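S.K.: Chains as they are written, first to last, in the numbering used here: chain A, 272 to 386; chain B, 6 to 112. Where a beta carbon is used, it is the ideal one built from N, C-alpha and C, also for glycine. It should be emphasised that the depicted structure is a prediction, and the values quoted were computed from it without experimental measurement.
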Amino acid sequence: QVQLQQSGAELAKPGSSVKISCKASGYTFTSYYISWIKQTTGQGLEYIGYINTGSGGTNYNEKFKGKATLTVDKSSSTAFMQLSSLTPDDSAVYYCAKGATGDYWGQGVMVTVSS
Amino acid sequence: DIQMTQSPSSMSASLGDRVTITCRASQDIGNYLSWFQQKPGKSPRRMIYGATNLAAGVPSRFSGSRSGSDYSLTISSLESEDMAIYYCLQSIQYPYTFGAGTKLELK
Chain A
272 QVQLQQSGAE LAKPGSSVKI SCKASGYTFT SYYISWIKQT TGQGLEYIGY INTGSGGTNY
332 NEKFKGKATL TVDKSSSTAF MQLSSLTPDD SAVYYCAKGA TGDYWGQGVM VTVSS
Chain B
6 DIQMTQSPSS MSASLGDRVT ITCRASQDIG NYLSWFQQKP GKSPRRMIYG ATNLAAGVPS
66 RFSGSRSGSD YSLTISSLES EDMAIYYCLQ SIQYPYTFGA GTKLELK
């Protein structure tokens, strides 16, 4: 069965970076994009972007350019998202999802940015 | 960016009721519309894709339809397990954008 297993919750200081992982199983990893989505109480769901797991090509929402960096390790069927220069506004739950429109989602990672 | 205006923002209904939630797109999105269900503390689950196609494993009481730029998710006979927040997503143009959500509660 398709599974996307994300890394654990992060508590980070303002100005620092975090790197979240998303390990896929149950399907051919390189056949589907991995999308990333941010969820906050105030802004709802926001599409961050996607990575082509075969080529490594990326497409970012302009709002997240410079904030999020998407990478992939095909050998371990794992996608990564690094969030940099963190501020309290980056506190959210971050999801990875299979495909451009998310037919399966990871369990989410809560990132809390606080001094 | 394409704006997805979802209504209502919340609603209450009784078991067995027919429930309809709507999203209106600010531009033509064709049938590039998905619906997601999210229960408290859980990840979103795709229910409908391509505006009208039922995702695998989704009960047949769920259906999607389109009328012009209005897209609807209908639950034909509400069950207790359907209490959740529902979101629409347009996927014709980047950045993909979600509706603000509809919270469905039991009356």
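Using a Cβ-Cβ distance under 8 Å, would Y91 (chain B) count as near chain A?
M.R.: Counting from 1 along the second sequence, the entry for residue 91 (chain B) is found at position 86. No, Y91 (chain B) lies away from the interface with chain A (no Cβ there is under 8 Å from its Cβ).
S.K.: Would you check if there are 3 or more beta carbon pairs closer than 8 Å linking the segment 16 to 28 of chain B to the segment 292 to 305 of chain A?
M.R.: With a cut-off of 8 Å, the segment 292 to 305 of chain A and the segment 16 to 28 of chain B do not count as touching, because too few Cβ pairs lie within range.
S.K.: How about T25 (chain B) and S85 (chain B): do their beta carbons lie closer than 8 Å?
M.R.: As a first step, residue 25 (chain B) is located in the second sequence; it is residue number 20 there, counting from the start. As a first step, residue 85 (chain B) is located in the second sequence; it is residue number 80 there, counting from the start. No, these two residues do not count as a Cβ contact at 8 Å.
S.K.: Please state the DSSP three-state secondary structure of E84 (chain B).
M.R.: Stepping through the second sequence from its first residue, residue 84 (chain B) is reached at position 79. DSSP places E84 (chain B) in coil when its eight states are reduced to three.
S.K.: May I ask which residues mark the beginning and end of the beta strand (DSSP E) holding G315 (chain A)?
M.R.: As a first step, residue 315 (chain A) is located in the first sequence; it is residue number 44 there, counting from the start. Counting along the chain, the beta strand (DSSP E) containing G315 (chain A) begins and ends at 315 to 322.
S.K.: Tell me whether the beta-carbon of S74 (chain B) lies closer than 8 Å to the beta-carbon of S39 (chain B).
M.R.: Here residue 74 (chain B) corresponds to residue number 69 of the second sequence, with the count starting at 1. Here residue 39 (chain B) corresponds to residue number 34 of the second sequence, with the count starting at 1. For S74 (chain B) and S39 (chain B), no; Cβs fall outside 8 Å.
S.K.: For M52 (chain B), count neighbouring C-beta atoms within 10 Å of its own C-beta (all shown protein chains included) and say buried if the count is 16 or more, exposed if not.
M.R.: Indexing the second sequence from 1 puts residue 52 (chain B) at position 47. So M52 (chain B) ends up on the buried side.
S.K.: Measure the alpha-carbon distance for A363 (chain A) versus K309 (chain A) and round it to whole angstroms.
M.R.: What you label residue 363 (chain A) is simply residue 92 of the first sequence in a count that begins at 1. What you label residue 309 (chain A) is simply residue 38 of the first sequence in a count that begins at 1. Cα to Cα, the separation comes out at about 6 Å.
S.K.: Which residue comes first and which comes last in the beta strand (DSSP E) that contains S17 (chain B)?
M.R.: Stepping through the second sequence from its first residue, residue 17 (chain B) is reached at position 12. 15 to 18 is the extent of the beta strand (DSSP E) around S17 (chain B).
S.K.: For A405 (chain A), which residues of its own chain have a beta-carbon under 8 Å away from its beta-carbon, when the five flanking residues on both sides are left out?
M.R.: Residue 405 (chain A) lies beyond the range of chain A shown here (272 to 386); nothing can be said about it.
S.K.: Please tell me whether F41 (chain B) and Y99 (chain B) are closer than 8 Å, where the distance is taken between their beta carbons.
M.R.: Taking the second sequence and counting its residues from 1, the one referred to as residue 41 (chain B) is at position 36. Taking the second sequence and counting its residues from 1, the one referred to as residue 99 (chain B) is at position 94. No, Cβ-Cβ distance for F41 (chain B) and Y99 (chain B) is not below 8 Å.
S.K.: On the CB-based measure, 16 or more other CB atoms within 10 Å of its CB, does K338 (chain A) come out buried or exposed?
M.R.: Residue 338 (chain A) sits at position 67 when you count from the first residue of the first sequence. The residue in question, K338 (chain A), is buried, as its Cβ has 16 or more Cβ neighbours within 10 Å.
S.K.: Along the chain, where does the beta strand (DSSP E) containing D412 (chain A) start, and where does it finish?
M.R.: This structure does not reach residue 412 (chain A), given that chain A is present from 272 up to 386, and the question cannot be answered.
S.K.: Assign L316 (chain A) to buried or exposed, taking buried as 16 or more other Cβ atoms, counted over all protein chains shown, within 10 Å of its Cβ.
M.R.: The sequence position of residue 316 (chain A) within the first sequence is 45, counting from 1. Its Cβ being crowded by 16 or more others within 10 Å, L316 (chain A) is buried.
S.K.: Residues in the same chain with beta-carbon distance under 6 Å from L282 (chain A), minus the five sequence neighbours each way, listed in chain order, please.
M.R.: Along the first sequence, read from residue 1 onward, the residue named residue 282 (chain A) stands at position 11. Hits under 6 Å: T383.
S.K.: For the candidate residues A:N330, A:I322, A:K334, whose alpha-carbon lies nearest to that of V343 (chain A)?
M.R.: Stepping through the first sequence from its first residue, residue 343 (chain A) is reached at position 72. The shortest Cα separation from V343 (chain A) among A:N330, A:I322, A:K334 belongs to A:I322.
S.K.: So what does S70 (chain B) bridge to, in DSSP terms?
M.R.: Numbered from its first residue, the second sequence carries residue 70 (chain B) at position 65. Its beta-bridge partners are B:S77.
S.K.: Give a yes or no on whether 8 Å exceeds the smallest Cβ distance from G325 (chain A) to chain B.
M.R.: Mapped onto the first sequence, residue 325 (chain A) falls at position 54. For G325 (chain A), the answer is no, since every Cβ of chain B falls outside 8 Å of its Cβ.
S.K.: Going by beta carbon distance, what residues of the same chain come within less than 7 Å of A60 (chain B), once the five residues before and after it are set aside?
M.R.: Here residue 60 (chain B) corresponds to residue number 55 of the second sequence, with the count starting at 1. Closer than 7 Å at Cβ, skipping near neighbours: R51, M52, I53, Y54.
S.K.: Exposed or buried, which one is T372 (chain A) when buried takes at least 16 other CB atoms within 10 Å?
M.R.: Within the first sequence, residue 372 (chain A) is the residue found at index 101, counting from 1. So T372 (chain A) ends up on the buried side.
S.K.: Hey, how far is the Cα of P285 (chain A) from the Cα of T57 (chain B)?
M.R.: Numbered from 1 along the first sequence, position 14 holds the residue referred to as residue 285 (chain A). Numbered from 1 along the second sequence, position 52 holds the residue referred to as residue 57 (chain B). Going from the Cα of P285 (chain A) to the Cα of T57 (chain B) covers about 44 Å.
S.K.: Closer than 6 Å by C-beta to R71 (chain B): which residues in its own chain qualify, once you throw out the five before and the five after it? Chain order, please.
M.R.: Residue numbering aside, residue 71 (chain B) sits at position 66 when the second sequence is read from its first letter. If we look at R71 (chain B) and ignore the five residues flanking it on each side, its Cβ neighbours are A56.
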